[in-house]
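Here the protein sequences come in this chain order: L and H. Just so we're aligned: 284 in our numbering is position 279 of the first sequence, and the numbers increase by one with no gaps anywhere. Just so we're aligned: 266 in our numbering is position 261 of the second sequence, and the numbers increase by one with no gaps anywhere. By construction, the Cβ of each residue, glycine as well, lies at the ideal position given by its N, Cα and C atoms. From a predicted model like this one, the values you see are computed outputs, not experimental measurements. These notes concern the structure reproduced below.
2 protein chains.
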Amino acid sequence: MSDPVRNIERARIYDVAAAAGVSVATASRALNDTGRMSKETRERVKQVAAELGFRPNAMARGLLSKRSFTIGLLTNDTYGRFTLPVMAGISEALVDRGVSVFLCAIEDDEALAKVHVDAMLDKQVDGIIASGKRVDRRLPVDLRNAPVPVVYAFTDGPEDSVTFVSDDAQGSREAVQWLAARGRKRIVHITGPESFASVHVRAEAYRAVIGEKAEIYYGKWTEAWGHEAVAQLWDGKANPPDGIFCGNDQIARGVVDALRERGVSVPGNVSVVGFDNWEIVAAATRPPLTTVDMNLRALGREAGLTILALAEGERVEPGIRRLPCQLVVRQSCGGSAPA
Amino acid sequence: MSDPVRNIERARIYDVAAAAGVSVATASRALNDTGRMSKETRERVKQVAAELGFRPNAMARGLLSKRSFTIGLLTNDTYGRFTLPVMAGISEALVDRGVSVFLCAIEDDEALAKVHVDAMLDKQVDGIIASGKRVDRRLPVDLRNAPVPVVYAFTDGPEDSVTFVSDDAQGSREAVQWLAARGRKRIVHITGPESFASVHVRAEAYRAVIGEKAEIYYGKWTEAWGHEAVAQLWDGKANPPDGIFCGNDQIARGVVDALRERGVSVPGNVSVVGFDNWEIVAAATRPPLTTVDMNLRALGREAGLTILALAEGERVEPGIRRLPCQLVVRQSCGGSAPA
DNA sequence: TTCTGGTGAGAAAACGTTTGCGCAAAGTTG
DNA sequence: CAACTTTGCGCAAACGTTTTCTCACCAGAA
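Here is the structure:
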């Protein structure tokens, strides 16, 4: 356990100044490494401040500087499947710069969103990161004219906004190429509803690798659909697939379970790749899933650094940044060496 | 979409006062419904404030009042399995009182915890809610002498702290009684590692209902353990169980999957109950799991209201509050009417 | 000696609120 | 009509910083 947090009254800069025998102005400058003064004075003030455990009051400081060292993360992803890794990345990037993050879960509720945004703006957040669970949907709130910078992470932003998304096309290509490199000849794609933009992106990347032989099966994002798709592909069919690229891990898990129940060996007879690297699903599948990780943590980190840059007045080129995905190899495709 | 957020310079109370033809003091009092003034004046000020879209600067206000209308949620549950529902409850309880929540994910890293706590204290949070992923473990930070109130939610707190946990014993009793009410005769308990306090609480509650015939199998919190336990109980055994109370949903899912693979019908031959109501697991199980929900959202709500009461100076009796769990009936036990 | 310029440091204003106090006008009481 | 009381409102301080302005002092140059 660390030292207990002090419970004595917080020392103010006034106390530091008095104890060091200088004015508050000098104390402030000493602690912020600004202004001119003798080395001795500066050191003495710092020393005294440390002894008193002085930490500046962020509200007083913010009142003047218009900076709160606080940002807001707005999301409609109540499950946290996507938001938590993003949040972790943001935090990781910003915490040692003294920035704290308000997490606001708005569940597609416009009124709730407004309440949260207003509360954050009252608190003078330095910026807002909008996030969500679908890259092709917007949050139910219009932040275009917000008085603070906004960046979008894993959610759709308006024209000319700064947006971070994962490069699903690249991730999909790697997944399909991985299957091909394992010697799989008939590789199909079982994925989610056509209404999702990411379904198209992934499907097109798949098609680009596979070419004419591409077979795409659209359904739901569920294990049940994975089962059903396997039934469709295997029941009474002579030449079933030997490679399956799934649109997400839940479908992949359904597929793997269904294959096992049919006595089809994974990865012996069929190799399966998922998408999302949702640990709880991917790692519990038998065998554990090889799957595409969207690197959401890195995405959060980038978003965090960007919002900070914007808050500090730097100019950031608007546009969509696609961050690379990474194939996480487990056991559902067979050994890690190409066949 | 709602009205776009204003981007014009924020009106200050000075602007409101000027526009309404009163002093800032009167304007402040009018808006806060304090002080004495004519009804007309008060209304006029409010009217003007509304027209200008005035929202008080929380930093200025906080500087004076020592309240930031901000609290911190500290957690080491990176997955968010437990923290997210708690967070949702807190937010739900506090957002319309204008309170925003800092989420700080510290992963059992003492230094990181300290950084986060210090950052929050600098920002003058009104209180801290400590949360976690195990009720019998403490966060790696000592908050006993924190200068703000602290409550503990779903994590162990020091002597004389205010702590909220779920009433696992009650939830377990209901689960076991539910199995018994279905006419199940040999009800066993397959649960997690003995090192977890909640394992004991749940096991003892199970034992209290079952009595001498209690059979408890300790293992891991994994699907794999669920499979293994089923193998132990069925392989070559004459009279297998007909009711299984599992320590969590992952074990339950493993159990149900294993039974299906053996051709044992759930709920036809065996009824299974889980614990946690982790949607992603419970709902995807075939059949969907009847399971115990710990009502973490309600727990968060209580914790939020309590920290607010403490922040407002109310006295709250220290001690452990156990909030009731609720059995969520799906299909893994058979029809909803007692047999 | 007087001027110039650099150095070290303090006084006070500023940020945007809330609030204690005071005061004039109006109302009430005897 | 005098003496209170109430009403309605403004002045200014306060919160804890940062920052601008000012100034005294000293060294070196003219």
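Asked: Residue nearest to Leu-97(L) in terms of C-alpha spacing, selected from Met-92(H), Ala-316(H), Ala-110(H), Val-91(H); Found: The question names Leu, yet the displayed sequence has Glu at residue 97(L). Ranking the options by Cα distance to Glu-97(L), first place goes to Ala-110(H).
Asked: Rounded Cβ spacing between Ala-263(L) and Ile-134(L) (contact assumed at less than 8 Å); Found: Contact flag wrong, Cβ pair sits at about 39 Å.
Asked: Chain H contact for Val-277(L) (CB, 7 Å cutoff); Found: no
Asked: Opening and closing residue of the beta strand (DSSP E) in which Ile-215(H) lies; Found: Looking at the DSSP string, Ile-215(H) is not in any beta strand (DSSP E); the run it does join, the alpha helix (DSSP H), is 202-215.
Asked: Of the listed residues Leu-89(H), Ile-76(H), Ala-22(H), nearest to Glu-56(H) (C-alpha basis); Found: Ala-22(H)
Asked: Spatial distance of Val-34(H) from Leu-117(H) (CA atoms); Found: One point to set straight first is that residue 34(H) is Arg, not Val, in the sequence displayed. Near 42 Å, if we compare the C-alpha coordinates of Leu-117(H) and Arg-34(H).
Asked: According to DSSP, residues forming a beta bridge with Gly-251(H); Found: Checking the sequence, you will find Cys at residue 251(H) rather than Gly. Answer by DSSP bridge pairing, in chain order: Ile-195(H).
Asked: Leu-89(H): contacting residues in chain L (beta-carbon distance under 7 Å); Found: Gly-85
Asked: Whether Ser-171(H) touches Met-299(H) by CB criterion (7 Å); Found: yes
Asked: Coil, strand or helix - Tyr-19(L) by DSSP; Found: helix
Asked: Identity of the residue in Val-333(H), Ala-54(H), Met-125(H) nearest Leu-184(H) by Cα; Found: Val-333(H)
Asked: Close beta carbons around His-3(H), own chain, < 6 Å, minus the five adjacent residues each side; Found: The question about residue 3(H) has no answer here: the residues shown for chain H are numbered 6 through 344.
Asked: Top-ranked residue by Cα proximity to Val-269(L), from Pro-198(L), Asp-247(L), Asn-282(L); Found: Asp-247(L)
Asked: Val-10(L) (DSSP reduced to helix, strand or coil); Found: Note that Val-10(L) has pLDDT 38, beneath the 50 cutoff, so the model's placement of it is unreliable and no number is given.
Asked: For Ser-105(H), the residue or residues it bridges with in DSSP; Found: Thr-75(H)
Asked: C-beta neighbour in chain H for Leu-315(L), strict 7 Å; Found: no
Asked: CB-CB length for Val-193(H) against Leu-144(H), believed under 8 Å; Found: Between Leu-144(H) and Val-193(H) the Cβ distance is about 35 Å, and since that is not below 8 Å, they are no contact.
Asked: Chain L residues whose Cβ lies nearer than 7 Å to that of Ala-303(H); Found: Under the 7 Å cutoff, chain L gives no residues; its nearest Cβ is about 16 Å from Ala-303(H).
Asked: Residue environment, Gly-339(L), which counts as buried when at least 16 other CB atoms sit within 10 Å; Found: buried
Asked: Paired residues, beta bridge with Thr-80(L) - DSSP; Found: Ala-110(L), Ser-136(L)
Asked: Beta bridge counterpart(s) of Leu-332(H) as assigned by DSSP; Found: Val-297(H)
Asked: Inter-stretch contact at 8 Å, needing at least 3 Cβ pairs: the segment 276-288 of chain H / the segment 210-227 of chain H; Found: no
Asked: Inter-residue CB distance, Val-204(H) and Pro-198(H) (contact presumed, cutoff 8 Å); Found: 6 Å
Asked: Near-chain H residues of the segment 172-191 of chain L (beta-carbon distance less than 8 Å), N- to C-terminal order; Found: none
Asked: Residue-level contact to chain H via CB, Glu-228(L), 7 Å cutoff; Found: yes
Asked: Residue-level contact to chain L via CB, Ala-63(H), 7 Å cutoff; Found: yes
Asked: Members of the segment 120-141 of chain L that neighbour chain H once the beta carbon cut-off is set at 8 Å; Found: Val-120, His-121, Val-122, Asp-123, Ala-124, Met-125, Leu-126, Asp-127, Lys-128, Gln-129
Asked: DSSP-derived helix/strand/coil call for Gly-231(H); Found: helix
Asked: DSSP bridge partner residues for Gly-279(L) (one or two, in chain order); Found: Thr-296(L)
Asked: Residues near Val-345(L) by beta carbon distance below 7 Å, same chain, minus five either side; Found: Because chain L spans 6 through 344 in this model, residue 345(L) falls outside it and cannot be assessed.
Asked: Chain-ordered neighbours of Met-299(H) on chain L, where CB pairs are closer than 7 Å; Found: Those do not exist, as Met-299(H) stays about 17 Å from chain L at its closest Cβ, beyond 7 Å.
Asked: Pro-154(L) burial status per 10 Å Cβ neighbour count (16 or more: buried); Found: buried
Asked: Positions along the segment 149-167 of chain L whose CB lies within less than 7 Å of some CB in chain H; Found: Arg-149, Asn-150, Ala-151, Pro-152
Asked: Rounded distance between the beta-carbons of Gly-94(L) and Leu-304(L), thought under 8 Å; Found: 6 Å
Asked: Chain-ordered residues of the segment 231-261 of chain H with a beta carbon less than 9 Å from chain L; Found: His-232, Gln-255, Arg-258, Gly-259
Asked: Alpha-carbon spacing of Thr-295(H) relative to Ile-249(H), whole angstroms; Found: 11 Å
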